[in-house]
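Participant:
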Amino acid sequence: MSIRLMSVVWEVPFPTATQMLICLKLADYANDHGGSIFPANSTLADKARCSESTVKVTIKALRACGLLYLVRAGGNGPRDTNEWMLNVPMLKALADGTATMSGCSDTLEIDGFEGEVSNVQDYENKGSEKGSKTDPLSGVRGQSGELRGQPTGAKGSAGKPQSTNNHHLDSSGAPKRASDKGARAPGAQANPRPSQMIAKADCPSEYEAWLEHYRKYGTKGQVKFFEDHGQVLAPTMWPPGHEGKRGKMAAAGAD
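Residues in the sequence shown are numbered consecutively from 1438, following this note's numbering.
1) Can you check DSSP and say which residues form a bridge with D1548?
2) Could you give the first and the last residue of the continuous beta strand (DSSP E) run that contains E1520?
3) What is the DSSP secondary structure of A1482, reduced to helix, strand or coil?
4) With distances taken between CB atoms, is the gap from L1545 to L1499 smaller than 9 Å?
5) When burial is assigned at 16 or more other CB atoms within 10 Å of the CB, is A1595 buried or exposed?
6) Would you report the Cα separation of Q1668 and F1451, rounded to the nearest angstrom?
7) From W1521, G1540, S1642, T1673, pick the residue whose C-alpha is nearest to that of A1467; which is it?
8) Cβ atoms of V1525 and V1445: under 9 Å apart, would you say?
9) What whole-angstrom Cβ distance do L1528 and L1504 have, given they're in contact under 8 Å?
10) Tell me the DSSP secondary structure of L1499 in three-state form.
11) Assign S1479 to one of two classes, buried (16 or more other C-beta atoms within 10 Å of its C-beta) or exposed (fewer than that).
12) Could you tell me the distance, in whole angstroms, from the CA atom of D1764 to the CA atom of Q1659?
13) What does DSSP give as the partner residues of V1449 in its beta bridges?
14) If I follow the unbroken beta strand (DSSP E) through R1652, where does it start and stop?
15) Find out if the Cβ-Cβ distance for the pair L1463, P1476 is shorter than 9 Å.
16) When the Cα atoms are used, what is the spatial distance from G1678 to R1652?
17) Closer than 8 Å: is that where the CB of Q1668 sits relative to any heavy atom of the ligand COA?
18) Quick check on the burial criterion: 16 or more other C-beta atoms within 10 angstroms. Buried or exposed for L1507?
19) Here's the rule I'm using: 16 or more other beta-carbon atoms within 10 Å means buried, otherwise exposed. How should E1643 be labelled?
20) G1552 and T1537: beta carbons closer than 9 Å?
21) Using alpha carbons as the reference points, say which of T1656, C1640, I1635 lies closest to A1671.
22) Based on the DSSP output, what are the partners of M1634 in its beta bridges?
23) Note down, in chain order, each residue of its chain lying with its Cβ closer than 6 Å to the Cβ of P1767, except the 5 sequence neighbours on either side.
24) Tell me where the beta strand (DSSP E) around L1421 begins and ends.
25) For V1494 versus S1542, is the C-beta spacing smaller than 9 Å?
26) Taking just the CA atoms, how far does H1666 sit from A1638?
In structure tokens form, the structure reads like this:
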């Protein structure tokens, strides 16, 4: 997984929340060069909380605008899936505002991108991260590789989102970046990875708690995205330090 690449995806102004989630999951599987992505559509659908048809439509849109490339077509077997690659230069341009994105759920258009159309050929020539000495994410904050010692996300109750595991790890975390002030939530790990969606309509208390958490420790881009879509991407049902409040709320409800 590439935490640095996921951090870049966070800042891309996708038209829909589903596109953001699917691209985040693709980056979750990727290395820092944007390659080695080979999850099945059903896996992406499960982790992005959408249908397989939505995944197919989104992948088609990502390919059409140049954000995603097919490196190798899979076969007919359940384990022989397509191998994809994200266009890292284009993602960086969208994240820093030098390029712009517009469109809807099934169409994406990129304007102002003057870099390489694709980093696939360069990646294949240099032979993944083992053979390449260049860093496509130079200047991007965050860490790559496996995260160790992350607390396991708590499962939600019936009708509430369940946590999902990374294909590399059994522990949960999030591509959360430090705020401009460098603050970090008490007890929180650096760059925890999101594992579930918490919707305002379904879990208003948990949603507001996480929104408060991101306002204090996240980025303005994350907060705006969550507020616009009424959903929060989080590793557990409650942020650190809210367990006590949760118990008080439950007791008040019982009374």
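Using N, Cα and C, we set each Cβ at its ideal position, and we do this for glycine too. Everything numeric in this text was worked out from a predicted model, so none of it was measured.
Facilitator: Let me lay it out:
1) T1537
2) That run of the beta strand (DSSP E) goes 1520–1523.
3) Per DSSP, reduced to three states, the secondary structure at A1482 is helical.
4) yes
5) Here the model assigns A1595 a pLDDT of 33, short of 50, so the residue's position is not dependable, and the following value carries that caveat. The residue in question, A1595, is exposed, as its Cβ has fewer than 16 Cβ neighbours within 10 Å.
6) 15 Å
7) W1521
8) yes
9) 7 Å
10) helix
11) By the 10 Å Cβ count, S1479 comes out exposed.
12) No information on residue 1764 is available, as it lies outside the stretch 1438 to 1692 that the chain covers here.
13) In the DSSP output, where bridge partners are listed per residue, V1449 has none listed.
14) Where R1652 is concerned, there is no enclosing beta strand (DSSP E), although the alpha helix (DSSP H) it sits in stretches over 1641–1654.
15) yes
16) 15 Å
17) Absent from the structure shown: the ligand COA. Ligands present: none.
18) exposed
19) buried
20) no
21) I1635
22) L1670
23) The question about residue 1767 has no answer here: the residues shown for the chain are numbered 1438 through 1692.
24) Because the chain is modelled from 1438 through 1692, residue 1421 falls outside the range shown and cannot be assessed.
25) yes
26) Roughly 11 Å separates the two Cα atoms.
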